[in-house]
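Mapping the sequence shown onto numbering that gives the first Met the number 0, position 492 (from 1) lands on 491, and the numbers just tick up by one.
Note that beta-carbon positions come from the ideal geometry of N, C-alpha and C, so glycine has one too.
To start, the structure under review is shown below, and the notes come after it.
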Amino acid sequence: MTWGFDKLGMGSMGGSVFTPTGVQGGVGTLTAKLNDSQATAHITVNVTTTVNPGNVDTSGFDAPNGGADPSVSFVYPYQDTVMPLRVASPEFQWNGGSAGDVYRLRLSAQHITYTVYLSAPPPSVHALDQQSWENVQFSTDGPNSDPLHVELERKSGGTVYSPISLTLHIAQGFIYGAIYYWELPDACGSGAIKRVRADQPATETFYNTGACWGCHTVSRDGTELAASFDTGFPFPIQTIDLTTTPAQNGAVAQGAVYGTFSAYNADGSRLMTSNDGASAQVQVVDTQNGAITNGSVFAGDNCGEPAWSPDGTKVAAICGLNSWSWVFDATAGNLVVGTMTGDTASGVTTIVPQGGLPGRPAYPSFSPDSQYLAYGRPTYGSRSIGNGTLWLTDIAGQSPKQLVQAASDNLSYNPVFAPKQAGGYTWIVFMSKRDYGNQLVGASRQQLWVAAIDDPPSAADPSHPAFYVRGQENCSLNENAYYALEPCKADGEGCTHGVECCNKSCVNGVCGEQIVGQCIPTNSGVCTADTDCCDYTGAGSNVTCIAGFCEMKPPQ
């Protein structure tokens with residue numbers, strides 16, 4: 000008899016005995032195999048964890064005597080925020096307490112209750128250690144069917160107040176990749192591009208240069224970055240090889256191509272760049288040698304801020320820019336989309352005109368399935384010095400939708416899609432000058448936030464409240480975030496999902512070529528239809544083809 004269990008964080012089989020880990024709850028599937036016979040059963044584990052690291056007085060919390068708390072309220076996270084698995088442990092922040100108060104913070108879902116007793120003088124903040132937070136996350140079964148309830152009770156002197164509460168939603172999927180962002184040169188920032196991952200509490204300096212470099216993009220496979228350098232005007236663009244540590248100069252050196260904004264095609268062999276000045280144009284560059292293969296993609300119209308769809312078939316830009324020295328200072332412009340064949344665009348159409356709304360469309364970004372565009376509407380060019388809202392449209396420009404829940408602050412800019420869906424959502428990273436709980440109050444400082452977008456985005460507002468990217472440096476001005484995959488893995492390297500592999504195929508935990516004519520295993524690619532997937536069982540199947548990969552439908 001051989002045994003298998005699909006959620007090792009919950010427990011494992013030793014002989015014929017199942018032993019829970021005691022730290023993760025949930026419902027898992029146990030499989031027993033004997034010769035050609037197989038049977039399955041579900042195992043449910045409920046976990047209760049209580050910690051008191053500061054050894055504070057816990058008396059009275061089970062019998063509140065003060066009624067509703069008259070002053071304490073959560074200021075972060077936001078009510079109904081959606082978070083992916085393995086995101087960095089959020090800092091729970093609240094106002095209204097006093098020095099010397101003691102708290103009971105409780106996180107609960109169907110199969111776990113995690114309680115911590117603590118003291119937190121104002122401004123009050125507490126974050127679970129990363130492993131405890133992941134144990135809680137992995138114990139949930141769906142963002143809507145099994146939400147995470149958070150309660151906070153306060154004891155002040157001999158009075159224990161009834162709890163305040165909020166609800167979070169844990170999407171059952173990971174956001175693959177890293178965020179590359181520009182840390183502006185100021186009292187704290189270095190003027191360099193930094194890298195941060197959503198599950199890490201610190202940034203990474205991945206490329207060493209003494210120059211100021213900023214506006215950038217990353218290839219779809221995560222192996223190369225293109226950036227403009229402040230070493231003269233017009234700005235020289237240089238490519239950087241991300242496959243080495245530290246990163247090294249790429250094939251396109253400074254002096255071959257000039258511009259500010261750029262975008263890679265699907266395989267990284269081409270780069271669209273836009274220049275500045277009174278006649279801004281978008282050109283196509285060969286990334287192997289820096290040769291310009293098309294000097295005007297959107298012929299005859301001032302254009303900038305280009306985007307290239309993940310499938311390589313569509314391009315977008317802001318065109319009709321009025322004459323300014325810098326594209327990002329242009330106060331007029333329309334969002335256009337065209338079909339790309341080779342290095343040439345055709346059928347270029349305005350899908351979102353400037354219209355009568357505040358500001359203009361700015362910085363378009365294609366969704367992972369190439370069917371939607373996120374964009375901002377800043378009120379001063381495409382800069383973050385005025386107000387700003389976030390929007391979503393399909394590539395035909397039908398019924399643009401404002402992402403109010405993600406950006407209700409009117410101080411949000413530059414949305415960029417993460418490279419892959421996760422847990423039934425797409426995800427955007429953007430910058431905002433909003434307060435971060437009680438940690439950044441009134442600073443009006445650009446910081447990075449991530450929000451979930453329903454997939455498909457059928458609601459009038461398909462966005463959800465955003466969460467803060469903890470690893471960034473909160474003393475700096477952080478802009479131009481670009482979400483990209485890690486450098487892809489070659490055949491023979493270990494993997495957990497095909498998105499990690501250069502050829503998109505992960506079979507039995509190893510990147511390798513997909514055999515032509517064979518079905519595609521779960522968590523591998525490249526599929527074009529549900530029937531390509533080995534584990535597809537017909538209508539109602541739990542395994543389908545999602546954005547080119549055979550995957551389990553995420554629980555909701």
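What does the alpha-carbon distance come out to for the pair G13 and L224? By 1-based counting over the sequence shown, the position of residue 13 is 14. By 1-based counting over the sequence shown, the position of residue 224 is 225. The alpha-carbon atoms of G13 and L224 are separated by roughly 47 Å.
Looking only at its own chain, which residues have a Cβ that is under 8 Å from the Cβ of T543, when we skip the five neighbours before and after it? Mapped onto the sequence shown, residue 543 falls at position 544. Same-chain partners within the cutoff: D529, C532, Y535, C549, E550, K552.
G497 - DSSP class collapsed to helix/strand/coil: Working through the sequence shown from its first residue, we reach residue 497 at position 498. Three-state DSSP puts G497 in a helix.
If I follow the unbroken alpha helix (DSSP H) through S131, where does it start and stop? Numbered from its first residue, the sequence shown carries residue 131 at position 132. Here the alpha helix (DSSP H) through S131 covers 129-137.
Rounded separation between I42 and T139 - CA only: Residue numbering aside, residue 42 sits at position 43 when the sequence shown is read from its first letter. Residue numbering aside, residue 139 sits at position 140 when the sequence shown is read from its first letter. Approximately 15 Å between the Cα atoms of the pair.
Excluding the 5 residues preceding and the 5 following S123 in the sequence, name in chain order all residues of the same chain whose CB lies nearer than 6 Å to its CB. Counting from one through the sequence shown, the residue named residue 123 turns up at place 124. Answer for S123: W93, G96, listed in chain order.
What residue range does the beta strand (DSSP E) around F73 cover? As a working note, residue 73 is residue 74 in the sequence shown. F73 -> beta strand (DSSP E) spans 72-75.
Range covered by the beta strand (DSSP E) that runs through A480: Looking up residue 480 in the sequence shown gives position 481. Segment 477-483, the beta strand (DSSP E) holding A480.
Output the residue ranges of the beta strand (DSSP E) runs that lie fully inside the stretch 137-185 and measure 3 residues or longer, sorted by chain position. 147-155, 163-170, 177-182
Less than 8 Å between the CB atoms is what I'm expecting for G464 and Y75, so what's the real figure, rounded? The residue labelled residue 464 in the question sits at position 465 within the sequence shown. The residue labelled residue 75 in the question sits at position 76 within the sequence shown. Looking at the sequence itself, residue 464 is Pro, so the reference to Gly does not match. So it is not a contact: roughly 10 Å between Cβ atoms.
Selection from S58, F137, G341 that minimises the alpha carbon distance to S117: Taking the first residue of the sequence shown as 1, we reach residue 117 at position 118. The residue asked about is misnamed: residue 117 is Leu in this sequence, not Ser. Closest by alpha carbon: S58.
Among T425, I239, D408, K32, which residue has its Cα nearest to the Cα of S457? In the sequence shown, counting from the first residue as 1, residue 457 sits at position 458. Of the listed residues, the one whose Cα sits closest to S457 is T425.
What span of residues does the beta strand (DSSP E) with A306 cover, start to end? Taking the sequence shown and counting its residues from 1, the one referred to as residue 306 is at position 307. 302-307 is the span of the beta strand (DSSP E), which, as asked, contains A306.
For V351, report the span of its beta strand (DSSP E) as first-last. Counted from its first residue, the sequence shown places residue 351 at position 352. 343-351 is the span of the beta strand (DSSP E), which, as asked, contains V351.
Which listed residue (N143, T49, Q130) has its alpha carbon closest to that of L104: Taking the first residue of the sequence shown as 1, we reach residue 104 at position 105. Selected option, being the one with the closest Cα: T49.
What does DSSP give as the partner residues of S261 in its beta bridges? For the purposes of this step, residue 261 is taken as residue 262 along the sequence shown, with counting starting at 1. Looking at the DSSP assignment, S261 forms a beta bridge with T272.
Would you grab the beta carbon distance between K432 and S383 for me? Rounded to a whole angstrom, and I think it's under 8 Å. Counted from its first residue, the sequence shown places residue 432 at position 433. Counted from its first residue, the sequence shown places residue 383 at position 384. So it is a contact: roughly 7 Å between Cβ atoms.
Sort Q446, V468, I452, P455 by Cα distance to L476 and report the nearest one. For the purposes of this step, residue 476 is taken as the residue at position 477 of the sequence shown. Measuring from the Cα of L476, the nearest candidate turns out to be Q446.
Start and end residues, beta strand (DSSP E) containing I239: Here residue 239 is taken as the residue at index 240 of the sequence shown, counted from 1. Start and end: 235-240.
Taking A489 as the reference, give the member of T242, L389, S70 with the closest Cα. Working through the sequence shown from its first residue, we reach residue 489 at position 490. It is T242.
Which one of H110, D342, F429 has the shortest CA to CA distance from S268? Residue 268 sits at position 269 when you count from the first residue of the sequence shown. When each option's Cα is compared against that of S268, the closest is D342.
Hey, would you say V159 sits closer than 8 Å to G24, going by beta carbons? Residue 159 sits at position 160 when you count from the first residue of the sequence shown. Residue 24 sits at position 25 when you count from the first residue of the sequence shown. Against a cut-off of 8 Å, the Cβ pair of G24 and V159 comes out as no contact.
Verify whether the separation of the beta carbon atoms of T80 and L167 is less than 8 Å. By one-based count along the sequence shown, residue 80 stands at place 81. By one-based count along the sequence shown, residue 167 stands at place 168. Yes, these two residues count as a Cβ contact at 8 Å.
Buried/exposed call for F327, threshold 16 Cβ in 10 Å: By 1-based counting over the sequence shown, the position of residue 327 is 328. With 16 or more Cβ atoms within 10 Å of its Cβ, F327 is classed as buried.
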